[in-house]
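Undergrad: I'd like to ask some things about the structure below.
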């Protein structure tokens, strides 16, 4: 099915995917503000509170590739509905958890739901919208979804102050119910009809073990240190499992991740840019707010508000940037966007003690927001559009997994590489030079992303082929004949 961006049907699809994705985006940030209240209510120690956050990230990052593969096999709408329903049920468990152990377990279950719904949302957009409107739809999804992530801490603070930390989880239930109703009523089904219906169990287990081991290792690195046996064992096991995963996917007849997708230069290039850009973003959004509080003396609320212009700019400009990339080709915005961000980060690196928000912080934040707004929608559209629509779930799963792995890696490695040891996050004299070095490292990552985009991303968009795989119902026949699977997933 090819929906138009401005049509009523297109708006319903966009509403469902934005609200569904916002559930996962908000819960990635909303918990942080409630941790003190959770600790007091459940008598949780620091390790328990850390795993309240990390348990969600671990299961989400480990299984997001599986979510993309399942959506291609069994239907993108179907997996999205399952993911939203699963997420709502896990949110109920979180809201009524009587102990920190049960809360952590429920958060892990929440991450599984997020892994099913997140790639499904992007895959639905790719498969549902007219080729000429996909980039704009993805841009709108990026901008509107970003608002959810940005509002998470403020929503969480208000709910905790107004009632209880449990409300930050229970509020997901009515939102999920609305998403389920809109999706079931207005979102068309689509899948890859040539995909094997049987699961690649070996690939599933190896992929989850690899991503899970790497995610756990990098998550535990800051607290335990790089020489800790648990960290080393997790990282080594993760690397070995990923190597075994690649070897298995090469030889199996029906792989969870068809490795031929990486033969498409645009897809590989877009994911390399994604890794570099989101590694930079992870360091920026982690350390800027800390530096504003510890070194510049901002209050926690003021530090959180300081970055809101980025969200506002992405809301206003992402859809337009997606349309621009569709019209002139993605290479130019994907090259200029990271360069603008790099310049902003060099500017931000000078923020120190006594900094004024209006003269020292706001101008580079606005420049950074402009660069991200120019970059993100064309980047996401290129990553999804480089492959045939039958691979939409895989393309979305890979791109999401790359972005999340990059963010986890940067938060663990960049501060350590810049000299940040344990206990120095609260010491202004130690944090200030580390912050400056991290911002410069993030600027270098952005510049590297610009170079990769220039050489590997196409200057013009090839005429896309409308998806031949839309269905009225998961069990219905295709609306029009489906061609046999091509030898390569790239668009002609």
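Residue numbers (our numbering): 12 to 503. From the three backbone atoms N, C-alpha and C, an ideal C-beta is built for every residue, glycine too.
Out of 371, 341 and 275, which one is the CA nearest neighbour of residue 318?
TA: Looking at the Cα atoms, 371 is the closest of the given residues.
Undergrad: Let me check understanding here. Comparing Cα to Cα, which of 48, 280, 239 and 236 lies closest to residue 173?
TA: That would be 48, whose Cα lies nearest to the Cα of residue 173.
Undergrad: By DSSP, does residue 107 sit in helix, in strand, or in coil?
TA: It is coil, neither helix nor strand.
Undergrad: Go through its chain and collect everything with a Cβ distance to residue 65's Cβ below 6 Å, but skip five positions before and after it.
TA: Counting only Cβ-Cβ distances below 6 Å, and skipping sequence neighbours, we find 230.
Undergrad: Quick check: the Cα distance between residue 450 and residue 214, rounded to an integer number of angstroms?
TA: Distance between the alpha carbons of residue 450 and residue 214: 37 Å.
Undergrad: Per DSSP, which one or two residues make a beta bridge with residue 14?
TA: 140.
Undergrad: Taking its Cβ as the centre, do 16 or more other Cβ atoms sit within 10 Å of residue 434, making it buried, or is it exposed?
TA: Because residue 434 sits at a pLDDT of 49, beneath the cut-off of 50, its placement in the model cannot be relied upon, and the point is left open.
Undergrad: Looking at the unbroken alpha helix (DSSP H) that takes in residue 39, where does it start and where does it end?
TA: Here residue 39 belongs to no alpha helix (DSSP H), and DSSP marks it neither H nor E.
Undergrad: Span of the alpha helix (DSSP H) holding residue 289?
TA: Where residue 289 is concerned, the enclosing alpha helix (DSSP H) stretches over 276-305.
Undergrad: Just how far apart, CA to CA, sit residue 33 and residue 136?
TA: Between residue 33 and residue 136, the C-alpha separation is close to 15 Å.
Undergrad: Whether or not the stretch 85-94 and the stretch 122-129 are in contact is what I'm after, with contact meaning three or more pairs of Cβ atoms, one per stretch, closer than 8 Å; do they touch?
TA: Touching, yes.
Undergrad: Does the separation of the CB atoms of residue 25 and residue 152 fall below 9 Å?
TA: Their beta carbons are under 9 Å apart, which means residue 25 touches residue 152 by this criterion.
Undergrad: May I ask which residues mark the beginning and end of the alpha helix (DSSP H) holding residue 447?
TA: Residues 439-467.
Undergrad: Tell me which residues share the same chain as residue 253 and place their Cβ nearer than 6 Å to its Cβ, disregarding the 5 neighbours each side in the sequence.
TA: 221, listed in sequence order.
Undergrad: Taking the straight line between their C-alpha atoms, what separation do you get for residue 30 and residue 94?
TA: Distance between the alpha carbons of residue 30 and residue 94: 13 Å.
Undergrad: Whole angstroms are fine: how far does the CA of residue 271 sit from the CA of residue 261?
TA: Computed Cα separation, rounded: 9 Å.
Undergrad: Can you determine whether any heavy atom of the ligand GTP sits closer than 8 Å to the C-beta of residue 196, and answer yes or no?
TA: With respect to the ligand GTP, the structure shown offers nothing to examine, as it has no ligands at all.
Undergrad: Within 10 angstroms of its Cβ, does residue 112 collect 16 or more other Cβ (buried), or is it exposed?
TA: Label assigned to residue 112: exposed.
Undergrad: Name the two residues that bound the continuous alpha helix (DSSP H) containing residue 329.
TA: 319-339 is the span of the alpha helix (DSSP H), which, as asked, contains residue 329.
Undergrad: Given a cut-off of 9 Å on the beta-carbon distance, is the pair residue 350 and residue 375 in contact?
TA: No, the Cβ-Cβ distance between residue 350 and residue 375 is not below 9 Å.
Undergrad: Contact between the stretch 265-285 and the stretch 451-465 is defined here as three or more beta-carbon pairs at a separation below 8 Å; is this criterion met?
TA: Counting Cβ pairs under 8 Å, three or more are found: they touch.
Undergrad: State buried or exposed for residue 373, treating a residue as buried only when at least 16 other CB atoms are found within 10 Å of its CB.
TA: With fewer than 16 Cβ atoms within 10 Å of its Cβ, residue 373 is classed as exposed.
Undergrad: Which same chain residues, not among the five before or five after residue 341, have their C-beta less than 6 Å away from its C-beta?
TA: Answer for residue 341: 389, 393 and 468, listed in chain order.
Undergrad: Compute the Euclidean distance between the alpha carbons of residue 234 and residue 245, then round it to the nearest angstrom.
TA: Roughly 14 Å between the two C-alpha positions.
Undergrad: Could you check where the alpha helix (DSSP H) with residue 348 kicks off and where it finishes?
TA: 342-359 is the extent of the alpha helix (DSSP H) around residue 348.
Undergrad: Does residue 107 pass the burial test, meaning 16 or more other C-beta atoms within 10 Å, or should it be called exposed?
TA: The residue in question, residue 107, is exposed, as its Cβ has fewer than 16 Cβ neighbours within 10 Å.
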